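So the structure is just underneath, and the comments pick up after that.
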Amino acid sequence: MMSAMQLNLRAGQLVEQIVAEAATLCVAVQEPTSGGRVIDCGIGAPGGLEAGRRMAQVCLAGLADVSLAPAGPGLAADLEVQVHTDHPVAACMASQYAGWRISAGKYFAMGSGPMRAAYGREELFNKIAGRESAAQVVGVLEAGQLPPPEVIAFIAERCGVPPADVALLIAPTASIAGAVQVVARSVETALHKLFELGFDLSRVVSGYGRAPLPPIAKSDLSVIGRTNDAILYGGRVTLWVHGDDRSLLEIAPQIPSRSSPSFGQPFEVIFERAGRDFYKIDPRLFSPAEVTLVNLDTGRAIRYGGVAPEVLDQSFHV
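Structure below.
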């Protein structure tokens with residue numbers, strides 16, 4: 001199934017705005033002689049809150065609004081990242097989900113953004129609409145180093161475009177912008193959990209989510225822990241859906257992170273216990289702390305889970 005949303009075109013328009021405001025956003029734009037455009041949002045350039053918000057919107061292909069707001073009481077943070085969208089599957093699953101492992105030479109990064117729809121070879125694209133042909137592609141990389149030319153060539157070849165038509169925004173998670181764009185994935189994690197549970201995502205009409213923005217940790221392990229904990233123990237998501245109450249009542253208890261036996265300890269502890277191997281962690285853990293399903297056909301709201309302030313206090317060292 002091909003997308004009619006023009007995800008890469010939408011994201012490309014946002015990239016042009018970022019380039020035009022690079023100095024204000026504290027990002028650095030590079031155009032390697034080998035082709036492509038690289039926007040440093042937190043490696044050599046300082047980046048910041050607004051750079052992270054813009055990165056998240058690019059990641060969502062401009063089909064969601066991302067904002068910063070005061071965090072709720074007891075969430076161990078001053079700010080939270082909020083996301084709302086009326087195109088949740090296209091924005092979150094076809095674009096934002098970090099489902100492409102970018103590996104070329106010694107360089108590795110998790111790739112997200114609408115370039116995934118142009119690549120289109122992830123298994124989930126066999127079950128959701130989203131694949132597209134694009135003249136130019138846009139991606140977001142979570143990495144601590146800028147990509148060498150072979151990475152741009154790798155992405156270009158797999159997306160079917162010249163290297164000159166690849167634009168990449170990059171920030172490490174251990175940066176302000178990197179943390180913002182990761183924590184902006186609350187709705188995406190809820191949708192991905194539903195997808196893994198076999199729920200028909202075409203039933204989901206709109207989504208809203210929020211999660212606290214943690215302090216920036218210096219070590220890679222701690223920052224991975226804190227950004228995961230922000231969603232696992234502080235994320236709250238509401239999804240507006242169609243269908244019958246019975247199916248929602250059956251699946252709702254399985255969605256929040258509390259459905260996992262691993263729930264209750266900071267992610268850093270869980271990650272260490274798993275030998276720092278994500279694939280050895282119970283996949284049921286990867287979801288927001290609280291999820292509400294609002295049935296548009298019956299008017300019933302079904303909520304399960306709840307935030308865990310005591311775990312956030314441990315994780316954020318407040």
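When we follow our numbering, the leftmost residue of the sequence shown carries the number 1, and every step to the right adds one. Cβ atoms here follow ideal geometry from the backbone N, Cα and C, with glycine treated the same way. Keep in mind the model is a prediction, meaning the values are calculated, not measured.
Other residues of its chain near residue i: CB distance less than 6 Å, five sequence neighbours each side excluded
| i | result |
| --- | --- |
| G178 | G42, A171 and P172 |
| R210 | E80, Q82 and R236 |
| C92 | V187, E188 and L191 |
| A94 | A117 and G130 |
| K193 | I255 and S287 |
For residue j and residue i, the rounded distance between their alpha carbons
| i | j | result |
| --- | --- | --- |
| D313 | R303 | 24 Å |
| T298 | N228 | 34 Å |
| F125 | A61 | 16 Å |
| R323 | Y119 | Because the chain is modelled from 1 through 318, residue 323 falls outside the range shown and cannot be assessed. |
| G113 | R10 | 11 Å |
| R203 | E132 | 22 Å |
| S287 | G111 | 20 Å |
| N8 | A134 | 7 Å |
| P212 | K106 | 33 Å |
| A20 | D282 | 43 Å |
| E50 | S257 | 29 Å |
| P214 | S222 | 11 Å |
| A174 | D244 | 43 Å |
| F154 | L146 | 14 Å |
| A64 | G130 | 16 Å |
| L296 | L248 | 12 Å |
| S219 | R226 | 11 Å |
Identity of the residue in the options nearest residue i by Cα
| i | options | result |
| --- | --- | --- |
| E407 | G99, L232, S219 and L197 | Residue coverage of the chain in this structure runs from 1 to 318, which leaves residue 407 outside it and unanswerable. |
| V89 | L9, D78, S257 and G207 | G207 |
| V311 | G234, A143 and K127 | G234 |
| D78 | T85, D86 and L68 | L68 |
| A230 | M5, G72 and V15 | G72 |
| L14 | V137, D86, G44 and Y97 | V137 |
| G139 | K127, D40, V294 and D244 | D40 |
| G255 | P148, F195, K127 and L146 | Note that residue 255 corresponds to Ile in the displayed sequence, not to Gly. With distances taken between Cα atoms, I255 lies closest to F195. |
| F199 | G225, P162 and K127 | K127 |
| G305 | A98, Q96 and P253 | P253 |
Cβ neighbours of residue i in the same chain (closer than 7 Å, five flanking residues each side left out)
| i | result |
| --- | --- |
| A56 | V66, V180, Q181 and A184 |
| V318 | A76 |
For residue i, three-class secondary structure by DSSP
| i | result |
| --- | --- |
| F316 | helix |
| A117 | helix |
| P70 | strand |
| G225 | helix |
| M2 | Caution is warranted here: a pLDDT of 43 is assigned to M2, below 50, making its placement in the model unreliable, and the coordinate value is therefore given only provisionally. Looking at M2 - three-state DSSP - the assignment turns out to be strand. |
| P283 | helix |
| Q17 | helix |
| P212 | strand |
| V269 | helix |
| T85 | strand |
| Q30 | strand |
| T319 | Here the chain covers residues 1 to 318 and nothing more, so residue 319 does not appear. |
Cβ pair residue i, residue j closer than 8 Å
| i | j | result |
| --- | --- | --- |
| I102 | L141 | yes |
| A164 | G52 | no |
| A217 | G12 | no |
| E122 | R116 | yes |
| K280 | A289 | no |
| P266 | G74 | no |
| L293 | L232 | no |
| V205 | V241 | yes |
| V58 | L169 | yes |
| S262 | L285 | yes |
| A109 | A143 | yes |
CB contact check: residue i to chain C, cutoff 8 Å
| i | result |
| --- | --- |
| A22 | No chain C is present in this structure, which holds just one protein chain. |
Own chain, CB closer than 8 Å to residue i, minus 5 neighbours either side, in chain order
| i | result |
| --- | --- |
| P32 | V38, P149 and I152 |
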